[in-house]
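Undergrad: Protein chains in written order, with the working numbering: chain W, 41 to 135; chain E, 112 to 370. Following this message is one structure expressed as structure tokens.
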Amino acid sequence: GGVPMTKLAQWLWGLALLGSTWAALTTGALGLELPSSCREVLWPLPAYLLVSAGCYALGTVGYRVATFHDCEDAARELQSQIQEARADLARRGLR
Amino acid sequence: ASEEASASPRRSRRESEGRARGQDKYSVLLPTYNERENLPLIVWLLVKSFSESGINYEIIIIDDGSPDGTRDIAEQLEKIYGSDKILLRPREKKLGLGTAYIHGMKHATGNYIIIMDADLSHHPKFIPEFIRKQKEGNFDIVSGTRYKGNGGVYGWDLKRKIISRGANFITQILLRPGASDLTGSFRLYRKEVLQKLIEKCVSKGYVFQMEMIVRARQLNYTIGEVPISFVDRVYGESKLGGNEIVSFLKGLLTLFATT
Numbered sequence: 041g042g043v044p045m046t047k048l049a050q051w052l053w054g055l056a057l058l059g060s061t062w063a064a065l066t067t068g069a070l071g072l073e074l075p076s077s078c079r080e081v082l083w084p085l086p087a088y089l090l091v092s093a094g095c096y097a098l099g100t101v102g103y104r105v106a107t108f109h110d111c112e113d114a115a116r117e118l119q120s121q122i123q124e125a126r127a128d129l130a131r132r133g134l135r
Numbered sequence: 112a113s114e115e116a117s118a119s120p121r122r123s124r125r126e127s128e129g130r131a132r133g134q135d136k137y138s139v140l141l142p143t144y145n146e147r148e149n150l151p152l153i154v155w156l157l158v159k160s161f162s163e164s165g166i167n168y169e170i171i172i173i174d175d176g177s178p179d180g181t182r183d184i185a186e187q188l189e190k191i192y193g194s195d196k197i198l199l200r201p202r203e204k205k206l207g208l209g210t211a212y213i214h215g216m217k218h219a220t221g222n223y224i225i226i227m228d229a230d231l232s233h234h235p236k237f238i239p240e241f242i243r244k245q246k247e248g249n250f251d252i253v254s255g256t257r258y259k260g261n262g263g264v265y266g267w268d269l270k271r272k273i274i275s276r277g278a279n280f281i282t283q284i285l286l287r288p289g290a291s292d293l294t295g296s297f298r299l300y301r302k303e304v305l306q307k308l309i310e311k312c313v314s315k316g317y318v319f320q321m322e323m324i325v326r327a328r329q330l331n332y333t334i335g336e337v338p339i340s341f342v343d344r345v346y347g348e349s350k351l352g353g354n355e356i357v358s359f360l361k362g363l364l365t366l367f368a369t370t
């Protein structure tokens, strides 16, 4: 098969597709006349989507930061194992 | 979430040295630089985990000419645990991580390679879980993740957590990598898979670890995940400055534009 598209290329393609669809529908090119109520919603849609995406990003990252697991037990266990290790290694001749 | 069809070849080349026919052996690569304090501890923990689980192993210490006496400590450990278990393969000066892996793998007699940090942030107790997971799904790679299941971190302040989650979010959106923790460096690889990936990777630092996973997906290797706990720097300082963030973003955008 051929070389797969880079992620950048996929994004550009996707944006170009959605962008041209939106432009065609809102400007009435291609002879497509939508009722004006539809056009009124469609016109600001990209801005709304951008804001929504921003809110989703902030919300998701915020949630993940808040639920980021703090491994207290792991730290405690490690500290006690360090003590054990040092004693054992000293017994075995580590200087 | 990766497909079952694996492109990895059956083990056609067998190293007979140190490994009985059909038996698995796990080589741990430990690149070190100024790890005088941590090295004996991490080796002790590795020996403990492997011995308790009855796993055939070797530990390859790749020291880059550490000025703090790491090499001396490594030699003592070799005497204590035996030169069949502790392999010293040092280098003259500080070279990159990728070349350390290549150098280490030349001397590895295992058919699986485990890479991890030598600073006690990665705990060897997870290695038997990696091995279990690998067998369960016949994965080419098993990656430790801090972001899923009961994975997590200790010792990070709010700022660090925000940067970490934020960077991971952007990475997931841009690269859709199929693995939750891309900058993590606690992983188990089939030896031939790691060799193949290192050939193809060109980045440095955090981005190197990311690139490995991205290339692995491109080559249709399967990736399994195991939640791990990451205990940040017990000794020494954690480093995440503005420079690191900038080079991370540059690397991320490069991967975005080229893969």
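Every residue gets a Cβ at the ideal spot worked out from N, C-alpha and C, and that includes glycine. Given the structure is predicted, the values throughout are model-derived calculations rather than measurements.
Output the distance between the C-alpha atoms of Ser291 of chain E and Glu112 of chain W, rounded to the nearest integer angstrom.
TA: Sequence index remark: in the second sequence, residue 291 of chain E carries index 180 (1-based). Sequence index remark: in the first sequence, residue 112 of chain W carries index 72 (1-based). Rounded to whole angstroms, Ser291 of chain E to Glu112 of chain W spans 22 angstroms at the Cα level.
Undergrad: For Gly289 of chain E and Ala56 of chain W, I'd like the C-alpha separation in whole angstroms.
TA: For the purposes of this step, residue 289 of chain E is taken as residue 178 along the second sequence, with counting starting at 1. For the purposes of this step, residue 56 of chain W is taken as residue 16 along the first sequence, with counting starting at 1. Each residue's Cα considered, the two are about 25 angstroms apart.
Undergrad: My output table needs one value for Val342 of chain E: the three-state DSSP class, helix, strand or coil.
TA: Residue mapping note: residue 342 of chain E aligns to position 231 of the second sequence, counting from 1. Residue state, collapsed to three classes: strand.
Undergrad: If you check the beta carbons only, do Ile197 of chain E and Ile170 of chain E fall under 8 angstroms apart?
TA: Along the second sequence, read from residue 1 onward, the residue named residue 197 of chain E stands at position 86. Along the second sequence, read from residue 1 onward, the residue named residue 170 of chain E stands at position 59. Their beta carbons are under 8 angstroms apart, which means Ile197 of chain E touches Ile170 of chain E by this criterion.
Undergrad: If you drop the 5 nearest sequence neighbours on each side, which residues of the same chain put their C-beta closer than 6 angstroms to that of Thr369 of chain E?
TA: Numbered from 1 along the second sequence, position 258 holds the residue referred to as residue 369 of chain E. If we look at Thr369 of chain E and ignore the five residues flanking it on each side, it has no Cβ neighbours.
Undergrad: Which value, in whole angstroms, describes the spacing of the CA atoms of Leu152 of chain E and Ile273 of chain E?
TA: Looking up residue 152 of chain E in the second sequence gives position 41. Looking up residue 273 of chain E in the second sequence gives position 162. The straight-line gap from Cα to Cα measures roughly 30 angstroms.
Undergrad: Indicate the three-state DSSP secondary structure (helix, strand or coil) for Pro142 of chain E in the structure shown.
TA: Within the second sequence, the letter at position 31 stands for residue 142 of chain E. In this structure, Pro142 of chain E counts as strand in the three-state DSSP scheme.
Undergrad: Beta-carbon separation of Lys244 of chain E and Val253 of chain E under 8 angstroms?
TA: Position 133 of the second sequence holds residue 244 of chain E. Position 142 of the second sequence holds residue 253 of chain E. For Lys244 of chain E and Val253 of chain E, yes; Cβs fall inside 8 angstroms.
Undergrad: For Asp110 of chain W versus Gly263 of chain E, is the C-beta distance shorter than 8 angstroms?
TA: On the first sequence, position 70 is the one that residue 110 of chain W refers to. On the second sequence, position 152 is the one that residue 263 of chain E refers to. Yes, they are a contact pair.
Undergrad: Please state if the CB of Asp175 of chain E and the CB of Tyr144 of chain E are separated by a distance shorter than 8 angstroms.
TA: Looking up residue 144 of chain E in the second sequence gives position 33. Looking up residue 175 of chain E in the second sequence gives position 64. Closer than 8 angstroms, so yes.
Undergrad: Say whether chain E places a C-beta atom closer than 8 angstroms to the C-beta of Ala115 of chain W.
TA: Numbered from its first residue, the first sequence carries residue 115 of chain W at position 75. Interface residue, yes.
Undergrad: Just to confirm, are Asp251 of chain E and Val304 of chain E a CB contact at a threshold of 8 angstroms?
TA: Numbered from 1 along the second sequence, position 140 holds the residue referred to as residue 251 of chain E. Numbered from 1 along the second sequence, position 193 holds the residue referred to as residue 304 of chain E. Yes, they are a contact pair.
Undergrad: Once DSSP output is grouped into helix, strand and coil, what is the label at Ile166 of chain E?
TA: Translated into positions along the second sequence, residue 166 of chain E becomes position 55. In this structure, Ile166 of chain E counts as coil in the three-state DSSP scheme.
Undergrad: Pull up the distance between the alpha-carbon of His218 of chain E and that of Arg131 of chain W, whole angstroms please.
TA: Translated into positions along the second sequence, residue 218 of chain E becomes position 107. Translated into positions along the first sequence, residue 131 of chain W becomes position 91. Taking the straight line joining both Cα atoms gives about 30 angstroms.
Undergrad: Anything in chain W within Cβ reach of Gln187 of chain E, meaning under 8 angstroms, just list it in chain order.
TA: Locating residue 187 of chain E in the second sequence gives position 76, counting from the first residue. Near Gln187 of chain E (Cβ distances below 8 angstroms), the residues of chain W are Gly133, Leu134, Arg135.
Undergrad: Using 8 angstroms as the Cβ pair cut-off and three pairs as the minimum, do the region 75 to 88 of chain W and the region 46 to 66 of chain W touch?
TA: Cβ pair count under 8 angstroms is three or more, so yes.
Undergrad: Between the region 261 to 290 of chain E and chain W, which residues of the former have a C-beta closer than 9 angstroms to a C-beta of the latter?
TA: If the cut-off is 9 angstroms between Cβ atoms, the region 261 to 290 of chain E has Asn261, Gly262, Gly263, Val264, Tyr265, Gly266, Trp267, Leu269, Lys272, Ile273, Ser275, Arg276, Gly277, Asn279, Phe280, Ile281, Ile284, Leu285, Leu286, Arg287 near chain W.
Undergrad: Starting from His234 of chain E, find everything on chain W with Cβ-Cβ shorter than 9 angstroms and list it in chain order.
TA: Within the second sequence, numbered from 1, the residue matching residue 234 of chain E stands at position 123. Correct list: Ala114, Glu117, Leu118, Gln121.
Undergrad: Residues of chain E with a CB under 7 angstroms from the CB of Leu129 of chain W: which are they?
TA: Position 89 of the first sequence holds residue 129 of chain W. Those are Pro151, Trp155, listed as they occur along chain E.
Undergrad: Is it the case that the Cβ atoms of His234 of chain E and Leu89 of chain W are separated by a distance below 8 angstroms?
TA: Within the second sequence, residue 234 of chain E is the residue found at index 123, counting from 1. Within the first sequence, residue 89 of chain W is the residue found at index 49, counting from 1. Against a cut-off of 8 angstroms, the Cβ pair of Leu89 of chain W and His234 of chain E comes out as no contact.
Undergrad: State the start and end residues of the unbroken alpha helix (DSSP H) segment that holds Thr66 of chain W.
TA: In the first sequence, residue 66 of chain W corresponds to position 26, counting from 1. 47 to 67 is the extent of the alpha helix (DSSP H) around Thr66 of chain W.
Undergrad: Reducing DSSP to helix, strand and coil, say where Arg256 of chain E ends up.
TA: Position 145 of the second sequence, counted from the start, is the residue given in the question as residue 256 of chain E. The amino acid at residue 256 of chain E is misidentified as Arg; the sequence shows Thr. Of the three classes helix, strand and coil, the one that applies to Thr256 of chain E here is strand, per DSSP.
Undergrad: My output table needs one value for Arg122 of chain E: the three-state DSSP class, helix, strand or coil.
TA: As a first step, residue 122 of chain E must be located in the second sequence, where it is residue number 11. With a pLDDT of 45 at Arg122 of chain E, under the threshold of 50, the modelled position of this residue cannot be trusted; read the value that follows with caution. Note: Arg122 of chain E maps to coil in three-state DSSP.
Undergrad: From what residue to what residue does the alpha helix (DSSP H) around Val81 of chain W run?
TA: Position 41 of the first sequence, counted from the first residue, corresponds to residue 81 of chain W. Taken as a continuous stretch (DSSP letters only), the alpha helix (DSSP H) holding Val81 of chain W covers 76 to 82.
Undergrad: Do we get a CB-CB distance below 8 angstroms when we pair Ile373 of chain E with the residues of chain W?
TA: Outside the modelled stretch of chain E, which goes from 112 to 370, sits residue 373 of chain E, for which no answer is possible.
Undergrad: Quick one: what's got a C-beta closer than 7 angstroms to Lys311 of chain E's C-beta in the same chain, skipping five residues either side?
TA: Start at 1 with the first residue of the second sequence, and residue 311 of chain E comes out as number 200. Arg326.
Undergrad: Please classify Thr333 of chain E: is it buried, with 16 or more other beta-carbons within 10 angstroms of its beta-carbon, or exposed?
TA: Translated into the one-based positions of the second sequence, residue 333 of chain E becomes position 222. Buried, because 16 or more other Cβ atoms sit within 10 Å of the Cβ of Thr333 of chain E.
Undergrad: Please report the straight-line C-alpha distance between Arg301 of chain E and Gln134 of chain E, rounded to a whole angstrom.
TA: Position 190 of the second sequence, counted from the first residue, corresponds to residue 301 of chain E. Position 23 of the second sequence, counted from the first residue, corresponds to residue 134 of chain E. Cα-Cα distance, rounded: 14 angstroms.
Undergrad: Pick out whichever of E:Trp155, E:Ser314, E:Ser296, E:Asn279 has its Cα sitting closest to the Cα of Leu98 of chain W.
TA: Numbered from 1 along the first sequence, position 58 holds the residue referred to as residue 98 of chain W. For the residues E:Trp155, E:Ser314, E:Ser296, E:Asn279, the minimum Cα distance to Leu98 of chain W belongs to E:Asn279.
Undergrad: Who are the neighbours of Cys111 of chain W on chain E, taking C-beta pairs under 7 angstroms?
TA: One-based indexing of the first sequence puts residue 111 of chain W at position 71. The contacting residues are Gly263, Val264, Tyr265, Ser340, Val342.
Undergrad: Starting from Tyr103 of chain W and walking both ways along the alpha helix (DSSP H), at which residues does that stretch end?
TA: Taking the first sequence and counting its residues from 1, one reaches residue 103 of chain W at position 63. Start and end: 85 to 106.
Undergrad: Should Ala219 of chain E be flagged as near chain W, meaning a C-beta pair shorter than 8 angstroms?
TA: Reading the second sequence from its first residue, position 108 is the one you call residue 219 of chain E. Judged by the 8 angstroms Cβ criterion, Ala219 of chain E is not in contact with chain W.
Undergrad: Thinking C-beta only, is Ser232 of chain E closer than 8 angstroms to Arg328 of chain E?
TA: By 1-based counting over the second sequence, the position of residue 328 of chain E is 217. By 1-based counting over the second sequence, the position of residue 232 of chain E is 121. No, these two residues do not count as a Cβ contact at 8 angstroms.
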